[in-house]
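Taking it in order: structure first as structure tokens, then the write-up.
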Amino acid sequence: MKKITLSFDNGPDPETTPLVLDILARHGIKSTFFVVGDKLRDPERHALCQRAQAEGHWIGNHTFNHLVPLGLSKHVGASTFEIGRTQELMGDLAGDKKLFRPFGGGGHINTSLLDREALEFLQDGQYTCVLWNVVPRDWETPDNWHQTAMQMCADVDWPLVVVHDLTTGAMKRLDEFIEMAEAAGMTFVQEFSPDCLPIVDGNLRRDVSGIVAS
Ligand SMILES: [Zn+2]
Numbered sequence: 013m014k015k016i017t018l019s020f021d022n023g024p025d026p027e028t029t030p031l032v033l034d035i036l037a038r039h040g041i042k043s044t045f046f047v048v049g050d051k052l053r054d055p056e057r058h059a060l061c062q063r064a065q066a067e068g069h070w071i072g073n074h075t076f077n078h079l080v081p082l083g084l085s086k087h088v089g090a091s092t093f094e095i096g097r098t099q100e101l102m103g104d105l106a107g108d109k110k111l112f113r114p115f116g117g118g119g120h121i122n123t124s125l126l127d128r129e130a131l132e133f134l135q136d137g138q139y140t141c142v143l144w145n146v147v148p149r150d151w152e153t154p155d156n157w158h159q160t161a162m163q164m165c166a167d168v169d170w171p172l173v174v175v176h177d178l179t180t181g182a183m184k185r186l187d188e189f190i191e192m193a194e195a196a197g198m199t200f201v202q203e204f205s206p207d208c209l210p211i212v213d214g215n216l217r218r219d220v221s222g223i224v225a226s
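If you're matching positions, the sequence shown starts at 13 in this note's numbering and goes up one per residue.
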């Protein structure tokens, strides 16, 4: 059985997140929503996260501003703010594990993901850092990202797919993607492939020099 994990970044969005939740519920799939802190200040969006949580999904931290990858930030205190402020706004939305996904500026895994300050903050706060291995760039090709994603999933043992619950229209293809993946023998799980977790509960699981700016 080949496992596959879905994650939704950059929301919550009043129009698209409910659509995604409906589709996931219909398929009985649990996932994770990595949310942008600034958006949680809006009560309507915050309530969408509560709905997601109530339906069994995990809510993760995806920075506050989502403007500059933390490894490229030049300001002392920026990473602490980006992660810490978002976690405060999440409050009870964060479950047992404190999940953090860095902003990859288009899905790239390199030393722009974190700076030293972010790394220390994640270790001290016992965060789990969740990367990815399939980014079908749904924002660029909202009508056929699902086909790209299927090809990319074929190349990895346990795909951890990043798509976005934004108003690009891409999530209209989510249902189709799920059906294609299931038809190809994949089973949707909520857990993450260990390969995508360089930091678990604040502990380094591998050399992180490739994701931290020096
Ligand atoms: Zn993002």
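From the three backbone atoms N, C-alpha and C, an ideal C-beta is built for every residue, glycine too.
Check: His120 C-beta below 7 Å from any heavy atom of ligand 1: Locating residue 120 in the sequence shown gives position 108, counting from the first residue. Placement of the Cβ of His120 at a distance of 7 Å or more from every heavy atom of ligand 1 is found.
Val173 vs Ile16 beta-carbon contact at 8 Å: Translated into the one-based positions of the sequence shown, residue 173 becomes position 161. Translated into the one-based positions of the sequence shown, residue 16 becomes position 4. A contact, by the Cβ cut-off of 8 Å.
Contact the segment 32-52 vs the segment 177-194: 3+ CB pairs below 8 Å: yes
Met183 at chain C interface by Cβ criterion, 8 Å: Going by chain labels, chain C is absent from the structure shown, which holds only one protein chain.
Pro81 versus Leu111 - alpha carbon distance: Residue mapping note: residue 81 aligns to position 69 of the sequence shown, counting from 1. Residue mapping note: residue 111 aligns to position 99 of the sequence shown, counting from 1. Using only the alpha carbons, I get a separation of about 17 Å.
Range covered by the beta strand (DSSP E) that runs through Asp21: Residue numbering aside, residue 21 sits at position 9 when the sequence shown is read from its first letter. Residues Lys14 to Asp21.
Range of the contiguous alpha helix (DSSP H) that encloses Phe46: Position 34 of the sequence shown, counted from the start, is the residue given in the question as residue 46. Where Phe46 is concerned, there is no enclosing alpha helix (DSSP H), although the beta strand (DSSP E) it sits in stretches over Thr44 to Val47.
Beta-carbon proximity list for Ile211, same chain, < 6 Å, skipping 5 on both sides: Within the sequence shown, residue 211 is the residue found at index 199, counting from 1. Excluding positions up to five away in sequence, the list reads Leu134 and Cys141.
Contacts around Met162, its chain only, beta-carbon distance under 6 Å, and the 5 residues preceding and following it disregarded: Taking the sequence shown and counting its residues from 1, the one referred to as residue 162 is at position 150. Only Met192 meet the Cβ criterion.
Contact test: Thr112 Cβ vs ligand 1 heavy atom, cutoff 7 Å: In the sequence shown, residue 112 corresponds to position 100, counting from 1. At residue 112 the sequence reads Phe, which differs from the Thr that was named. Phe112: no, Cβ never under 7 Å from ligand 1.
Val48 and His87 closer than 8 Å at C-beta: Counted from its first residue, the sequence shown places residue 48 at position 36. Counted from its first residue, the sequence shown places residue 87 at position 75. No, these two residues do not count as a Cβ contact at 8 Å.
Buried/exposed call for Glu67, threshold 16 Cβ in 10 Å: Numbered from 1 along the sequence shown, position 55 holds the residue referred to as residue 67. Exposed.
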